[in-house]
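Each residue of the sequence shown is one higher than the one before, counting from 1484 in my numbering. Even glycine gets a Cβ: it sits at the ideal position worked out from N, Cα and C. In what follows, a structure is listed as structure tokens, so that the remarks can point back to it.
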Amino acid sequence: MSYSKETTIESVYAKLTSGHEIRVRDRQEMGLFGWSIEDALNQLVRTKGVLLHGTGQRIPAGSKLRLSKARPRPGSQRVLEGFATDNAGVAILKALFTNQTPVGGTRTVNLKYPMHTSDDSPLWLEIQGWHPNVEREHGYVYIFNSMRSFEKEGDTWQWVTSNDDVTFGGCMEVIRSDFRYPVNRA
1484 MSYSKETTIE SVYAKLTSGH EIRVRDRQEM GLFGWSIEDA LNQLVRTKGV LLHGTGQRIP
1544 AGSKLRLSKA RPRPGSQRVL EGFATDNAGV AILKALFTNQ TPVGGTRTVN LKYPMHTSDD
1604 SPLWLEIQGW HPNVEREHGY VYIFNSMRSF EKEGDTWQWV TSNDDVTFGG CMEVIRSDFR
1664 YPVNRA
């Protein structure tokens, strides 16, 4: 069966906004076989106005975005904040790599990556303090159905909210081969 890109994006959007998960095994059935998942997700951002959130956790659709203590920034009065991105490569990175440490452990991992990306300056990842638990076999890129609750952080890929009623939509399961950028283990 042949799918046009527009038809595929429409069906992916419909499935994700209705709270469903698109697993790796569902890609061919959804018309995504042969597509870059990053390109498909970026197309959703561009054409449908969604934002993305990558994590290794399964989060039920409709769950609220968990806000954390805000970082001090000039001009910001936020006490709590949550994050999203308009860059699928970053969402996939966040889904597949973690700087979280085991319970009771001290933080020894730092993920370094650029806050600004472009065709001339693509995404990359440097893992400082690498250990086997830093890389996940698979993760999840969730959508937020609207950018309205978020503010763009300058000219970066990061979007921030202090709105405590932002809810997750559906997700796309991603695997390591979906991250197409260099990874340096320092």
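* For Asp1522, which of Ala1571, Glu1656 and Gly1653 has the nearest alpha-carbon? -> Ala1571
### Query
Who pairs with Gln1611 in a beta bridge, going by DSSP?
Asn1593
| Where does Met1598 land, buried or exposed, given buried means 16+ other C-beta within 10 angstroms? | exposed
* What three-state label does DSSP hand Arg1668 in the structure shown? -> strand
If you draw a straight line from the alpha carbon of Leu1550 to that of Glu1564, how long is it in whole angstroms?
5 Å
Extent of the continuous alpha helix (DSSP H) run through Thr1500: Lys1488 to Thr1500
Practice item. Would you identify the three-state DSSP class for Val1507, choosing helix, strand or coil? Key: helix
Original post:
Taking the DSSP output, what are the residues bridged to Glu1634?
Top reply: Val1643
In whole angstroms, what is the alpha-carbon distance linking Met1630 and Phe1662? 24 Å
Could you pull the start and end residues of the alpha helix (DSSP H) that Gly1514 belongs to?
-> Segment: none, Gly1514 is in no alpha helix (DSSP H) and carries neither H nor E.
Starting from Met1598, follow its DSSP beta bridges and name the residues at the other end. Answer is none; Met1598 lacks a bridge partner.
What residues are listed by DSSP as bridge partners for Ser1551?
Glu1564
Does the Cβ-Cβ distance between Gly1537 and Ile1575 come in under 8 Å? yes
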